[in-house]
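First comes the structure, then the notes that go with it.
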Amino acid sequence: MGAARAGAAVDFRAEPMPFLRTPGPAIRQLASRLRRLPPSCGPVRLIGVDGHAGSGKSTFAGRLAEELGGAPVLRLDDIASHDELFAWTGRLLPQVIEPFGRGESAHYAAYDWRARRFGPPRPLPAAPVVLIEGVGAGRRALRPFLACLLWMDVPPEEAWARGRSRDGEEQRDFWDKWVPAEVRHFAEDPSRPYADLLVQQLKQGYEVLSGPAGELGSHQDVTHREGPPALW
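The sequence shown maps to residues 200 to 431 in this note's numbering.
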């Protein structure tokens, strides 16, 4: 198991966070907590950002990375391919996880979705915090190396509708293939039950709840509005 998951569960009760806005004090506080987690993969605190396609993972990960001082973000869209939408563990482990475990920078070949081929290696530094963002970031093969797993808590149908609207008619065939593949993946290898934190997007910013694997249990608040807590 990764260092953060081998011992006691991560306790996010220690310092109550205000309603999470982006940018704002709460997301900075979350970033500060992530920095203080024990390294989970060599010297790296590897943070997974998972959720259904179209759930807002990329936007949230980008904003969190900014609050982490420009933390590197590995986007799993660069690791997957047309032929292997989810069967990419065999690339990710030797290209990224194993070098990090040795305290070395990683190099991965990013997939070009238009050219339908992998490009030249890209560097990924073994920074104090690295985010892995994408569908399947919390898969069982990666969880032992994660310091924390975040799940974008958007229902699948809503997330897919967002994604289809974003990508337009041009990507209709891709989405028709993607949705059943994602359903099969999460049926065989679910991530949400193992999430430390659930991230919910609101009209203004985000709200973060303790996840199924978190110390608080799945129905208690980690963040709240700047007033009475959300459950009051």
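By construction, the Cβ of each residue, glycine as well, lies at the ideal position given by its N, Cα and C atoms.
Residues that residue i bridges to, as DSSP identifies them
i: Y184; result: No statement about residue 184 is possible, as the shown extent of the chain runs from 200 to 431 and does not include it.
i: D249; result: W350
i: I331; result: G247, L273
i: E406; result: Q399
i: R316; result: D311
Span separating the alpha-carbon of residue i from that of residue j
i: P411; j: A336; result: 16 Å
i: L245; j: E368; result: 35 Å
i: R316; j: Y310; result: 6 Å
i: P355; j: A252; result: 8 Å
i: A314; j: W287; result: 18 Å
i: D510; j: G333; result: No information on residue 510 is available, as it lies outside the stretch 200 to 431 that the chain covers here.
i: G413; j: L291; result: 26 Å
i: Q403; j: T258; result: 14 Å
i: T221; j: R301; result: For T221, the predicted model reports a pLDDT of 43, less than 50, meaning its position is unreliable and no value from the coordinates is stated.
i: S232; j: Q294; result: Checking the displayed sequence, the identity of residue 232 turns out to be Arg instead of Ser. The alpha-carbon atoms of R232 and Q294 are separated by roughly 28 Å.
i: R262; j: E406; result: 14 Å
i: D282; j: S390; result: 22 Å
i: G318; j: S280; result: 12 Å
i: R338; j: D375; result: 23 Å
i: E387; j: G247; result: 19 Å
i: R227; j: R361; result: 27 Å
i: P324; j: S304; result: 4 Å
i: R342; j: S409; result: 17 Å
i: A260; j: A230; result: 11 Å
i: I331; j: K256; result: 10 Å
i: P364; j: R235; result: First, the residue type needs correcting, since residue 364 is Ser and not Pro in the sequence shown. Computed Cα separation, rounded: 38 Å.
i: R371; j: G289; result: 28 Å
Short Cβ contact (8 Å threshold) for residue i with residue j
i: A358; j: S254; result: yes
i: I296; j: F373; result: no
i: P237; j: A346; result: yes
Among the options, the one whose alpha carbon lies nearest that of residue i
i: C240; options: L229, P298, R262, G289; result: P298
i: Y393; options: R301, D249, R235; result: D249
i: L267; options: S390, G362, V329, S280; result: V329
i: A264; options: P242, A279, A326, R342; result: A326
i: P322; options: R227, H306, G300; result: H306
i: P320; options: G289, P237, I278; result: I278
i: W312; options: I226, P324, L284, R363; result: L284
Contact with chain C by residue i, beta-carbon distance below 8 Å
i: R244; result: Protein chain content of the structure displayed is limited to a single chain, and chain C is not contained in it.
I want to know whether the stretch 393-405 touches the stretch 345-354 - three or more CB-CB distances under 8 Å. yes
Quick test of the definition: if touching needs 3 or more C-beta pairs under 8 Å, does the stretch 267-280 touch the stretch 370-380? no
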